[in-house]
Amino acid sequence: MQPITNKAYKLLHNGCIALSQVEANGIRIDVDYLNRTIAETTAKVKNLLDKLKTDKIYKMWKKIYGQDANIGSREQLGNILFNHMGYESVALTDTGRHKTDKNALDILDVPFVRNFLEIERLKKANSTYLKGVLKEVVDGYLHPVFNLHLVQTFRSSSDSPNFQNIPIRNPDTAKLIRPAFISRDNHQLVEIDYSGLEVHTAAWYHKDPVMLKYLFNKKEDEYGNPLKDMHRDMARQCFMLPREELYWKEDKKDAKRIKDIRYCGKNMFVFPEFYGDYYIDCATALWNAIGTMKLTTRNGVSIYDHLVGKGVFKLGLCNPDKKPCKGTFEKHIQNVEDNFWNNRFTAYNRWRKNWYYQYKERGWFDNLTGFRFRGDFKRNEVVNYPVQSCAFHCLLWSLIRLQKLLKKYNMKSLIIGQIHDSIVADVYKKELQNYLELCHQIMIDDIKKHWKWIITPISIEAEVSPVGGDWLQKEKTAIHN
DNA sequence: GCCATCGGCGCG
DNA sequence: AAAGCGCGCCGATGGC
Numbered sequence: 237m238q239p240i241t242n243k244a245y246k247l248l249h250n251g252c253i254a255l256s257q258v259e260a261n262g263i264r265i266d267v268d269y270l271n272r273t274i275a276e277t278t279a280k281v282k283n284l285l286d287k288l289k290t291d292k293i294y295k296m297w298k299k300i301y302g303q304d305a306n307i308g309s310r311e312q313l314g315n316i317l318f319n320h321m322g323y324e325s326v327a328l329t330d331t332g333r334h335k336t337d338k339n340a341l342d343i344l345d346v347p348f349v350r351n352f353l354e355i356e357r358l359k360k361a362n363s364t365y366l367k368g369v370l371k372e373v374v375d376g377y378l379h380p381v382f383n384l385h386l387v388q389t390f391r392s393s394s395d396s397p398n399f400q401n402i403p404i405r406n407p408d409t410a411k412l413i414r415p416a417f418i419s420r421d422n423h424q425l426v427e428i429d430y431s432g433l434e435v436h437t438a439a440w441y442h443k444d445p446v447m448l449k450y451l452f453n454k455k456e457d458e459y460g461n462p463l464k465d466m467h468r469d470m471a472r473q474c475f476m477l478p479r480e481e482l483y484w485k486e487d488k489k490d491a492k493r494i495k496d497i498r499y500c501g502k503n504m505f506v507f508p509e510f511y512g513d514y515y516i517d518c519a520t521a522l523w524n525a526i527g528t529m530k531l532t533t534r535n536g537v538s539i540y541d542h543l544v545g546k547g548v549f550k551l552g553l554c555n556p557d558k559k560p561c562k563g564t565f566e567k568h569i570q571n572v573e574d575n576f577w578n579n580r581f582t583a584y585n586r587w588r589k590n591w592y593y594q595y596k597e598r599g600w601f602d603n604l605t606g607f608r609f610r611g612d613f614k615r616n617e618v619v620n621y622p623v624q625s626c627a628f629h630c631l632l633w634s635l636i637r638l639q640k641l642l643k644k645y646n647m648k649s650l651i652i653g654q655i656h657d658s659i660v661a662d663v664y665k666k667e668l669q670n671y672l673e674l675c676h677q678i679m680i681d682d683i684k685k686h687w688k689w690i691i692t693p694i695s696i697e698a699e700v701s702p703v704g705g706d707w708l709q710k711e712k713t714a715i716h717n
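Have a look at this one:
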């Protein structure tokens with residue numbers, strides 16, 4: 237660890253103390269729910285496995301492996317599928333085995349494999365989360381560890397159990413795990429997170445005028461859509477959709493359609509590009525998403541067919557050694573990428589190059605919060621670490637101050653966890669409004685006085701569970717100040 | 001029985 | 001030219 241300023245040292249010092257208090261506070265756990273759900277899930281897995289074992293493919297599996305057949309072995313599954321059944325291997329691992337991750341198996345579109353993946357999802361939920369949480373519970377409370385000194389990027393990590401990767405993206409898995417995390421009597425769970433913090437943080441370094449425009453313009457149209465929305469704009473470009481297709485919502489179904497398309501633009505193009513990925517990976521992910529997420533135009537036309545109308549007929553080879561061909565999605569995304577860096581975010585692009593060049597000259601680089609990175613880093617690491625660390629340090633500073641003020645005002649509310657850009661607290665019901673206002677004051681106003689390089693209008697979002705409720709039930713709430 | 005490694009997957 | 005970053009935890013595997 238190399239904090240090179242007094243402020244940086246203090247952040248680390250106070251952060252350790254604050255997080256140790258968070259650990260001591262702990263999270264209330266519904267132990268009965270866990271025991272019940274583990275039993276149910278174990279039974280369900282066993283049931284599904286019995287069913288799966290009647291499939292022809294498993295019978296072949298059994299014939300080949302005999303006594304050693306293990307339905308939990310992906311290596312065996314890969315052998316059966318790709319060496320014995322003649323399916324085409326999607327990719328190889330570093331050590332030359334067939335890839336058998338969800339992405340590779342989804343492409344095969346085989347019922348046996350689909351059921352296998354569904355069982356794997358439940359097994360993961362059961363072993364890592366339901367049982368993993370239960371074994372760490374002490375007197376009805378969980379005390380996850382938060383580390384500040386382990387992580388390359390000067391972020392934090394969490395273990396025993398890891399509080400920072402509790403399922404939320406898959407609704408079925410979230411529904412299984414999150415009800416176990418409950419509030420104290422007369423309390424409610426409140427999670428407050430910075431919106432798009434890493435995008436803001438990157439902008440504090442590169443100050444790209446096009447990006448700043450996106451970040452400053454918070455105006456909305458009559459449908460509540462932000463007038464300027466980078467992710468939606470890029471989704472439009474990637475799928476070659478006209479403006480109207482993503483700018484108003486006819487009904488709930490249409491709103492979901494727009495949300496899905498925007499999600500793809502954000503997580504399969506914009507973020508991967510920011511983190512140093514490139515068009516081949518983006519094109520592949522986006523192309524697969526059209527199928528798995530069943531993306532359509534407003535009139536219900538599949539995006540595949542829509543693209544054909546625009547002269548894009550197939551994904552393309554996606555071979556890094558070969559130039560993409562005309563009429564392929566790969567070629568199109570290559571153009572979008574080129575436009576993204578060389579016409580749209582030119583200042584950002586320039587910053588990336590200069591930043592890396594300077595590191596190569598000096599052998600080190602500093603982040604905005606006063607930490608020095610020394611060592612042998614790859615280009616993407618040099619560009620990403622200062623952003624990742626600084627964003628987290630904003631959250632850490634807020635957490636330290638929040639805890640200090642909660643104590644000063646003799647409030648009963650307790651901070652119980654932290655997830656990189658969010659703070660989770662168990663808030664006494666009579667303090668809810670106070671708590672939300674306090675967070676707004678600290679996380680938006682006070683922090684700007686502490687660090688003058690915060691030059692964009694950062695914002696926060698609050699999610700609140702009912703009094704006596706659980707972590708699955710959190711819902712977005714407006715913050716008044 | 002212990003330990004390290006790998007592939008996989010959960011989160012930001 | 002190179003081609004996402006950071007974590008922790010699980011089961012399978014294989015060496016000792």
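If you're matching positions, the first sequence starts at 237 in this note's numbering and goes up one per residue. Heads up, the beta-carbon is just placed ideally off N, CA and C, and yes, glycines get one too. Predicted, not measured: the structure shown is a model, and the values here were computed from it.
In this structure residue 626 is buried. Its beta-carbon is surrounded by 16 or more other beta-carbon atoms within 10 angstroms. Here DSSP, grouped into helix, strand and coil, assigns residue 305 to coil. Three or more pairs of CB atoms, one per stretch, sit closer than 8 Å, so the stretch 249-268 contacts the stretch 650-667. When the Cα atoms are used, residue 328 and residue 322 turn out to be separated by approximately 15 Å. According to DSSP, residue 394 shares a beta bridge with 382.
Leaving aside the five residues that flank residue 708 on each side, the residues in its chain whose CB is nearer than 7 Å to its CB run, in chain order, 410, 411, 414 and 415.
C-alpha of residue 680 to C-alpha of residue 658: approximately 13 Å in a straight line. The count of Cβ pairs closer than 8 Å, one atom from the stretch 524-543 and one from the stretch 500-516, reaches three, so the stretches are in contact. Taking a 10 Å sphere around the C-beta of residue 426, we find 16 or more other C-beta atoms and assign the residue as buried. Cβ contact annotation for residue 442 (same chain, cutoff 7 Å, sequence separation greater than five): 583, 584 and 587, in chain order. Contact annotation: residue 619 and residue 577 have beta-carbon atoms that are not nearer than 8 Å. Under the 10 Å beta carbon count, residue 645 is surrounded by fewer than 16 other beta carbons and is classified as exposed. By a beta-carbon distance limit of 8 Å, residue 240 contacts residue 602. Their separation comes to about 7 Å. Looking only at 541, 565 and 483, the smallest Cα-Cα distance to residue 516 is reached by 565. In this structure, residue 551 places its C-beta atom within 8 Å of the C-beta atom of residue 520. In the displayed model, residue 573 falls within a helix according to three-state DSSP.
DSSP places residue 698 in the strand class (E or B) of the three-state scheme.
DSSP places residue 462 in the strand class (E or B) of the three-state scheme. In this structure, residue 368 and residue 407 do not form a Cβ contact; the two beta carbons are roughly 20 Å apart against a cut-off of 8 Å. The C-beta of residue 374 has fewer than 16 other C-beta atoms within 10 Å across all chains shown, which makes the residue exposed. Straight-line measurement puts the Cα of residue 450 at about 18 Å from the Cα of residue 572. Residue 712 sits in a strand when the DSSP states are folded into three classes. Using a Cβ-Cβ distance cut-off of 8 Å, the stretch 337-352 and the stretch 284-293 are in contact, since at least three pairs of beta carbons, one from each stretch, lie closer than that value. Note: residue 600 is bridge-paired with 610 in the DSSP secondary-structure output.
Just so you know, the alpha carbons of residue 661 and residue 405 end up roughly 21 Å apart.
Taking residue 547 as the centre and dropping the five residues before and after it, the same chain places the C-beta of 563 closer than 8 Å to its C-beta, in chain order. The DSSP assignment places 242-261 as complete runs of the alpha helix (DSSP H) inside the stretch 239-283, in order along the chain (cut-off: 4 residues). Excluding residues up to 5 positions away in sequence, nothing lies with its Cβ nearer than 6 Å to the Cβ of residue 309 in the same chain. Taking the Cα positions, residue 628 is about 13 Å away from residue 383.
Nearest to residue 489 by C-alpha distance, out of 511, 455, 534 and 636, is 534.
Annotation for residue 501: the continuous alpha helix (DSSP H) segment containing it runs 488-501.
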